[in-house]
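Asks: Sequence order for the protein chains is P and D.
Just so you know, we're using our numbering here: the first sequence kicks off at 1 and counts up by one.
Just so you know, we're using our numbering here: the second sequence kicks off at 1 and counts up by one.
Have a look at this one before I ask anything.
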Amino acid sequence: MSYALTTLWHERQRYLTAILAVSFCALLGCVQFGLLLGLFAITSMPVDNSRADIWLGAPRVMGVDLGRPIRESQALARLARHPDIERVEVFLQGFSYWARKDGGQELCMVVGSRLEPDAMGRNTALDKRPELVERLTEPGTVVIDESDKEKLGVQNEGDIAEVVGAKVRVVGFVTGARGLAAPFIFCSVTTARPLLRCYPNQITYALGKVRKGVEPDDVVARLRKEYPATPKPSTNASTGSSLLSSGAVEMMVNEDLDELSIFTSAEFSRRTRMHWLTKTKGGFALGYAAVLGLMVGAVVTSQTLYSATASSIREYAVLKAMGIPRWRTSLHVMTLAGWVGVIGILIAIPAIYGLSEVAAIWGVQMRLETWLLVTVAVVTLLMAVGAGLFALRSLRGVEPALLLR
Amino acid sequence: MIQEGPKYSESNWGSDPILQGLDLSRAFGDGATVTRAVDQVSLEVHRGQFVLMMGPSGSGKSTLLAILSGLLTPDEGRVVCMGEDIWSLNDKEREQFRLDHCGFIFQGYNLFPALTARQQLEIVARWGQGATAAEARDLADSMLQNLRMLDRAHLRPAQLSGGEKQRVAIGRALIKAPDLLFADEPTSALDWSHGEEVVKLLRSLSKDYGTTVVCVTHDHRLVPFADRMIDLEDGRLKRQSYGFHGACDNLASPLHEPGEIQPIMPTKPTLRYRATS
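Now the structure itself:
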């Protein structure tokens, strides 16, 4: 065992504070960003809960919930022409307004997809309820999430409501499909069009399924090469919404089709989440809190290492007297700091997953993606090493002559 | 029996001095509060001598030891050690000089509380001389064996007696086979039975291996073991005395079994590791 580890183990009471501070930093970072990612994962849920490999949408679309109408025939044709795409399908999604029975209006997210068993766009939340899928085939019917009933003023199956003037009937409820800012309204493509004020030849996305053994990334790369996007200013590119007047819709539809955006499902899901993460500043708010946590952890770790090093100053002084270079004792302190970081992170990992499970019991999703865990671990470790660097100032006081009385 | 020695330059050892202090002075404080801890002291120490520096508290013996060992800058004077004027070297060179040639023992043991006796020795070999883990362990075990401490190698300072701790501290100082060993009150924290053990160890070190030992003490019981005594008073050299070493040669070492004729340090560690800086 290294001298640093031996020291940590033997003086664990002393170093426990620093180790727990590091654990807290890692925990705070992972939980905060995990919750945020979990929250924003709701926005990409239509993509994540689909079976599509490829999404083709409006030019420079920033996320699945910010799609704009495109021409159905041209979009489908573009995908269908590709030899490695075996199936294409239409998909509609956009914001709309739900009129509650009490007269109030609620922003909602209409999701219109094909309903066949092998449909790519049909949300997997409907998979467990085939009877609801059956009912949705009737035009003007919708399904909402159980937890959104109150928000939408719906009490029972069969309740009638209005979406931008069109009557809809709620034919059932699903679970695990709660919306973030706006409740999801699941329906068929036929039902969705009037709710999104789309013309019959308009859709929001064309979905594609690639042949077995073909990588969606390769297909997307080839399609991008075939239809390169030429940057040009767009007034509605990043703020687009389906809540547009017919004139505006017509204008959008006339956009150059070569500009259409194409993504793999994974890309589109990430793009959607990152858009929300960055544009809403929510990521920065939590990031700020996480940085504060890191600073507290750094101070505690640094002070613990400083006092531990200072308490052994006479031992270090003996080594210095014997000519052991200062860099070598400094390296020992840095190794201690590194181990404090590593052990702190190792302790944090089960705690993070434990909290994630607890959050899941309360219906809160914490997305602990590998990149997040790795990033937090690296940042926390750097913090611990930085704290070690700061603690090195205690070695400045090492003066062998002090040992001679 | 006590002989008055010359101020310096003469000795009964015949060879060139390994350590020379020339007109050394060192003061502390400013203005009216200035204290001259060492005042115009000159001395010579020869290879293999066991030299005691004695004097009452405040006589400047520890300050002189610090100056001679390259730990404290003198205000005036020079220290020539093994032909090097050590205070003309820069800090890094002086650090390397101490690494190559000097060992230190202090009154308070100053052992890392978390490390075992073996590890206390290993870190000097590993950090100071770049020994591998296996080399350092072998060297530490060999040294502990010589110190009759191998069976205590796995124990931490809190589990060792004062004498054992000082022996570990001595082992730590000796593991790099120094030419000079500087000891500051090495027995003052020990009862006499342990103190005698330590001083005999230091004595045998100089006798058997030619390691020069310069030891600061106020304990007169150490006098019979010394080759030479330097007496300081108010920072000045009061007298130098020679010829005590014969007095202890007939004493049985407590580290040896009766009739055992082996030296205390049968295998002086001479392995020079690759330089680390």
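Even glycine gets a Cβ: it sits at the ideal position worked out from N, Cα and C.
In this text, all values refer to a predicted model and were calculated from it rather than measured experimentally.
With residue 3(P) as the anchor, note down where its beta strand (DSSP E) starts and where it stops.
Replies: Taken as a continuous stretch (DSSP letters only), residue 3(P) belongs to no beta strand (DSSP E), being part of the alpha helix (DSSP H) at 3–10.
Asks: Rounded to whole angstroms, what's the CA-CA distance from residue 399(P) to residue 19(P)? Just pull it up for me.
Replies: Straight-line Cα distance between these residues: approximately 29 Å.
Asks: Looking at residue 261(P) and residue 60(P), is the spacing between their C-beta atoms short of 8 Å?
Replies: Result yes, Cβ atoms of residue 60(P) and residue 261(P) sit closer than 8 Å.
Asks: Counting along the chain, where does the beta strand (DSSP E) carrying residue 264(P) start and finish?
Replies: 261–264 is the extent of the beta strand (DSSP E) around residue 264(P).
Asks: Go ahead and label residue 77(P) buried or exposed: buried means 16 or more other beta carbons lie within 10 angstroms of its beta carbon, across all protein chains shown.
Replies: Per the 10 Å Cβ criterion, exposed.
Asks: So which residues of chain D does residue 3(P) contact, with C-beta pairs closer than 7 Å?
Replies: Correct list: 115, 119 and 123.
Asks: Along the segment 81–101 of chain D, where does the CB come closer than 9 Å to a CB of chain P? Name the residues.
Replies: Residues passing the 9 Å Cβ filter: 92, 94, 95, 96, 97, 98, 99, 100 and 101.
Asks: Could you list which residues in chain P have their beta carbon closer than 9 Å to that of residue 291(D), in chain order?
Replies: The shown model of chain D, from 1 to 277, leaves out residue 291(D), and the question about it has no answer.
Asks: State the beta-bridge partners of residue 205(P) as determined by DSSP.
Replies: DSSP lists 91(P) as partners of residue 205(P).
Asks: For residue 113(P), write down the residues that DSSP places opposite it in a beta bridge.
Replies: According to DSSP, which records beta bridges pairwise, residue 113(P) is partnered with 91(P) and 188(P).
Asks: Name the residue from 367(P), 191(P), 363(P) and 91(P) whose alpha carbon lies nearest to the alpha carbon of residue 41(P).
Replies: Ranking 367(P), 191(P), 363(P) and 91(P) by Cα distance to residue 41(P) puts 367(P) first.
Asks: Closer than 7 Å by beta-carbon distance: list the chain P residues that pair up with residue 128(D), in chain order.
Replies: What residue 128(D) touches in chain P: 322, 323 and 324.
Asks: For residue 37(D), which three-state DSSP category applies?
Replies: Strand at residue 37(D).
Asks: Taking Cβ to Cβ, would you say residue 139(P) is nearer than 8 Å to residue 175(P)?
Replies: Result no, Cβ atoms of residue 139(P) and residue 175(P) do not sit closer than 8 Å.
Asks: Give the C-beta separation of residue 110(P) and residue 195(P) to the nearest angstrom, bearing in mind that I take them to be a contact with Cβ-Cβ under 8 Å.
Replies: Yes, they are in contact, since the Cβ atoms of residue 110(P) and residue 195(P) sit about 5 Å apart, within 8 Å.
Asks: With distances taken between CB atoms, is the gap from residue 230(D) to residue 82(D) smaller than 8 Å?
Replies: No.
Asks: State the Cα-Cα distance for the pair residue 256(D) and residue 175(D), rounded to the nearest angstrom.
Replies: Residue confidence for residue 256(D) is low, a pLDDT of 33 falling below 50, so the modelled location carries little weight and cannot support an answer.
Asks: What do you reckon, are the CB atoms on residue 141(P) and residue 169(P) nearer than 8 Å?
Replies: The answer is yes: Cβ separation under 8 Å.
Asks: Can you round the beta-carbon distance between residue 219(P) and residue 85(P) to whole angstroms, since I take them to be within the 8 Å contact cut?
Replies: About 6 Å; that satisfies the 8 Å criterion.
Asks: Is it true that the CB of residue 88(P) sits closer than 8 Å to the CB of residue 99(P)?
Replies: No.
Asks: Three or more beta-carbon pairs under 8 Å between the segment 316–325 of chain P and the segment 88–99 of chain D, yes or no?
Replies: Because the criterion of three Cβ pairs below 8 Å is met, the segment 316–325 of chain P and the segment 88–99 of chain D touch.
Asks: Distance cutoff 8 Å, beta carbons only. Does residue 65(D) sit that close to anything in chain P?
Replies: Cβ-Cβ to chain P under 8 Å: yes for residue 65(D).
Asks: Applying the 10 Å Cβ sphere with the 16-neighbour rule, what's the burial state of residue 167(P)?
Replies: Residue 167(P) should be labelled exposed.
Asks: Rounded to the nearest angstrom, how far is the Cβ of residue 297(P) from that of residue 334(P), given a contact under 8 Å?
Replies: With 8 Å as the limit, residue 297(P) and residue 334(P) do not qualify as a contact, their Cβ atoms being about 17 Å apart.
Asks: With residue 175(P) as the anchor, note down where its alpha helix (DSSP H) starts and where it stops.
Replies: Segment: none, residue 175(P) is in no alpha helix (DSSP H) and carries neither H nor E.
Asks: Please report the straight-line C-alpha distance between residue 218(D) and residue 184(D), rounded to a whole angstrom.
Replies: Their Cα atoms are separated by approximately 10 Å.
Asks: Quick check: is the beta carbon of residue 147(D) nearer than 8 Å to any beta carbon in chain P?
Replies: Residue 147(D) does not count as touching chain P.
Asks: When you check each C-beta in the segment 284–316 of chain P against every C-beta of chain D, which residues fall closer than 8 Å?
Replies: Under the 8 Å Cβ criterion, the segment 284–316 of chain P contributes 312, 314 and 315.
Asks: DSSP three-state call for residue 231(D): helix, strand or coil?
Replies: Three-state DSSP puts residue 231(D) in a strand.
Asks: Going by alpha carbons, who is nearest to residue 121(P) out of 181(P), 157(P), 129(P) and 53(P)?
Replies: Residue 121(P) has its Cα closest to that of 53(P), out of 181(P), 157(P), 129(P) and 53(P).
Asks: Mapping the DSSP letters down to three states, classify residue 164(D) as helix, strand or coil.
Replies: Reduced to three states, the DSSP call for residue 164(D) is helix.
Asks: Can you check whether the CB of residue 355(P) is closer than 8 Å to the CB of residue 466(P)?
Replies: This structure cannot speak to residue 466(P), because chain P is shown only from 1 to 405.
Asks: Would you list, in chain order, the members of the segment 200–234 of chain D that have their beta-carbon closer than 8 Å to a beta-carbon of chain P?
Replies: If the cut-off is 8 Å between Cβ atoms, the segment 200–234 of chain D has 216 near chain P.
Asks: Return the first residue and the last residue of the alpha helix (DSSP H) that residue 217(D) is part of.
Replies: Residue 217(D) -> no alpha helix (DSSP H), and no H or E assigned at all.
Asks: Here's a check: name, in chain order, each residue in its chain whose Cβ is nearer than 8 Å to the Cβ of residue 153(D), leaving out the five neighbours to either side.
Replies: These residues qualify, in order along the chain: 116, 117, 118, 140, 141 and 144.
Asks: Which residues in chain D have a C-beta closer than 8 Å to the C-beta of residue 17(P)? List them in chain order.
Replies: Ordered by position in chain D, no residue passes the 8 Å Cβ test against residue 17(P), which lies about 17 Å from the chain.
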